[in-house]
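Data first, discussion second: the structure below is written as structure tokens.
There are 2 protein chains.
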Amino acid sequence: MAENSSDICREQCFHPDTVERVSCAMASREDLLAVAELFKALGEGRRMSILNALLRSELCVCDLTLILNMSQSAVSHQLRVLRGARIVKSRKEGKNVYYSLDDRHISMLIETGFEHVREERGDEL
Amino acid sequence: MAENSSDICREQCFHPDTVERVSCAMASREDLLAVAELFKALGEGRRMSILNALLRSELCVCDLTLILNMSQSAVSHQLRVLRGARIVKSRKEGKNVYYSLDDRHISMLIETGFEHVREERGDEL
DNA sequence: TATTTATATGAACCTATGAACATATATTAA
DNA sequence: TTAATATATGTTCATAGGTTCATATAAATA
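Protein chains in written order, with my numbering: chain A, -1 to 123; chain B, -1 to 123.
Right under this line is the structure:
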């Protein structure tokens, strides 16, 4: 996977010092993959609606099925993904399991995401 | 796709006023999908490394192929996804096309993502 | 203990998507 | 105009991931 650069940029089309500087500042492969996994888990319509709901209040699985009109199975599967990515945390109380957003980072991510797309939409006018 | 709730929560296992309140506060389907698309585009390892590089500096495609050791085709394909999601913007100068992050929201999202996964890692100790 | 209820999980199916290859477009230079 | 270079795109293939259905687990209740 190393010989891609051999047939491009034969002439000095690039910027050696910038390339050097940026290369040195790159995050670790581990962190990069972890962040990508985090965003991947956030990047699905149903999961985002679950999170949008959890932005307002802690909710049990049953509440979510009603709010989002999804099957219990589908909700549960998606919650598993969100739990695995440490986007939500859960708390058991009797027969019910209550879910909420993991921490402030998560709510900030979601809110910033909404801000971004809403601003974009404004730009389009 | 509507009859999922009919066979669950027959008894009042849920919280009617919370469900009502949260239901009313839900974002539009349009916004939800847009945000999900945004995060989906952020949620891939290669793309995240492109973005991590762009966090430091505006770069042309050729710079990126060198920094990330990816084929030109792969870089271009991923840049297309990022452009489509309005995560990066481009500027043409002669034969080169320079890419940079779209706006402050994007850098904030990426930085918050890194903070989150690094904090998590600390928690595991 | 037996049953009901709330949630979780496994498997099968289908669609979406990343990688790699070849090729197309656009800009500069000869 | 022709050739070379930088970037973009179309296609094919393999795989990841979401949904549903069926079932398993766990807690409450009879």
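Ideal placement from N, C-alpha and C gives every residue a C-beta, glycine not left out.
The CB of A/Arg81 never comes closer than 8 Å to any CB in chain B; the least such distance is about 13 Å.
Using beta-carbon distances, A/Lys87 does not count as an interface residue toward chain B, since no partner is under 8 Å. Put simply, of B/Arg19, B/Lys38 and B/Arg54 the residue whose alpha carbon is nearest the alpha carbon of B/Arg81 is B/Lys38. For B/Arg116, the chain A residues whose Cβ falls inside 8 Å of its Cβ are Asp29, in order along the chain. Listed in chain order, the alpha helix (DSSP H) runs fully inside the segment 22 to 105 of chain B are 27 to 40, 43 to 52, 59 to 66 and 70 to 82, counting runs of at least 4 residues.
Its chain contains no residue whose beta carbon lies nearer than 7 Å to that of B/Arg19 once the 5 sequence neighbours on both sides are disregarded.
About 10 Å separates the beta carbon of A/Cys60 from that of A/Tyr96, a gap too long to meet the 8 Å contact definition. Within the segment 55 to 66 of chain A, those residues whose Cβ lies closer than 8 Å to any Cβ of chain B are, in chain order, Ser55, Leu57, Cys58, Cys60, Asp61, Thr63, Leu64 and Ile65. Below 8 Å, enough C-beta pairs join the segment 105 to 121 of chain A and the segment 22 to 40 of chain B to call them touching: three or more.
Taking a beta-carbon distance threshold of 8 Å, A/Val20 counts as an interface residue toward chain B.
Spatial neighbours of A/Ala23 in its own chain (CB-CB distance under 7 Å, excluding positions within 5 residues in sequence) are not present. Taking every protein chain shown into account, the CB of B/Ser47 has 16 or more other CB atoms within 10 angstroms, so this residue is buried.
Residues of the segment 30 to 41 of chain A whose Cβ lies closer than 8 Å to any Cβ of chain B, in chain order: Leu30, Leu31, Ala32, Val33, Ala34, Glu35, Leu36, Phe37, Lys38, Ala39, Leu40 and Gly41. About 33 Å separates the Cβ atoms of B/Arg27 and B/Ala72, ruling out a contact at the 8 Å cut-off.
When DSSP states are grouped into helix, strand and coil, A/Phe112 belongs to the helix group. Of the residues B/Arg84, B/Glu118, B/Leu49 and B/Asn94, the one whose Cα lies closest to the Cα of A/Phe12 is B/Asn94. For the segment 96 to 113 of chain A, the set of positions with a beta-carbon nearer than 9 Å to some beta-carbon of chain B reads Asp100, Asp101, His103, Ile104, Met106, Leu107, Ile108, Thr110, Gly111, Phe112 and Glu113 in chain order. Contact annotation: A/Leu99 and A/Val86 have beta-carbon atoms nearer than 8 Å.
Residues of chain B with a Cβ closer than 8 Å to the Cβ of A/Arg78 do not exist; the shortest Cβ-Cβ separation is about 17 Å.
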